[in-house]
Amino acid sequence: MPQKLSPVPKLNGVYICECCPKKPKKFETKAELHVHEMEKQYTCNFCSNRFKNKNEAERHQNSLHLRKHSWSCAVLSGAEAAFHSSSQRPGAFDVCGYCGKEFPAPANWDLRREHLTTEHKFGECNQAKKFFRADHFRQHLKHSHSGTTGKWTNVLENACMRDEPGVDGSVGIIGHGNLVISEE
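Counting in the working numbering, the sequence shown runs from 1 upward without gaps.
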């Protein structure tokens with residue numbers, strides 16, 4: 001479907017795009033504006049934001065509009081939930097989900113709680129804070145809890161994830177087939 005030229009009037013001798021809401025760009029001619037707008041062929045179905053590639057558009061819709069999942073430290077039921085069995089030595093050791101440090105099994109919970117509170121500031125962050133992108137939650141783990149990335153991070157991430165009510169009010173995964181990105 002052919003793209004319409006932007007209806008944006010010329011202001012102070014320049015055309016201003018509407019597809020870059022954070023930092024609108026200025027153009028001398030309508031043709032330059034049209035070329036710029038055509039670079040962003042993917043439009044969000046919930047707002048007027050436009051994107052250069054489908055991946056960016058999907059990430060935008062999932063994290064801002066659909067919000068199928070959220071991550072929060074508040075979801076952890078307690079110190080026990082921050083540990084999981086070692087894949088290298090199952091039954092003999094448990095792994096800290098923040099840093100990957102191994103602790104012998106059976107658990108000495110006083111030692112483990114001390115590790116979580118001194119090394120990772122367990123329970124000190126804003127428990128009401130929700131992250132709607134996994135990469136933002138990983139940044140939180142790194143900066144607020146001295147977390148390091150490894151196989152152990154995925155287990156902690158999954159323990160802190162919860163399903164959010166969908167656009168239609170249902171809880172859980174909204175199938176990718178329902179995600180519509182407009183290509184213009």
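All C-beta atoms, glycine included, are put in the ideal place defined by N, C-alpha and C.
Predicted model only: the values in this text are computed from it and were never measured.
In this structure, the alpha-carbon of asparagine 62 lies about 24 Å from that of histidine 143. Looking at the DSSP output, arginine 50 shares a beta bridge with Thr43.
Residue His115 holds the alpha-carbon nearest to the alpha-carbon of serine 146 among Phe132, Ser77 and His115. Leaving aside the five residues that flank lysine 26 on each side, the residues in its chain whose CB is nearer than 6 Å to its CB run, in chain order, Val14 and Ile16. Beta-bridge analysis with DSSP links valine 95 to His84 and Glu102. Assignment of serine 144 by DSSP, reduced to helix, strand and coil, places it in the helix class. A direct Cα-to-Cα measurement between histidine 65 and histidine 84 gives close to 33 Å.
In the DSSP assignment, histidine 120 falls within the unbroken alpha helix (DSSP H) covering 109 to 120.
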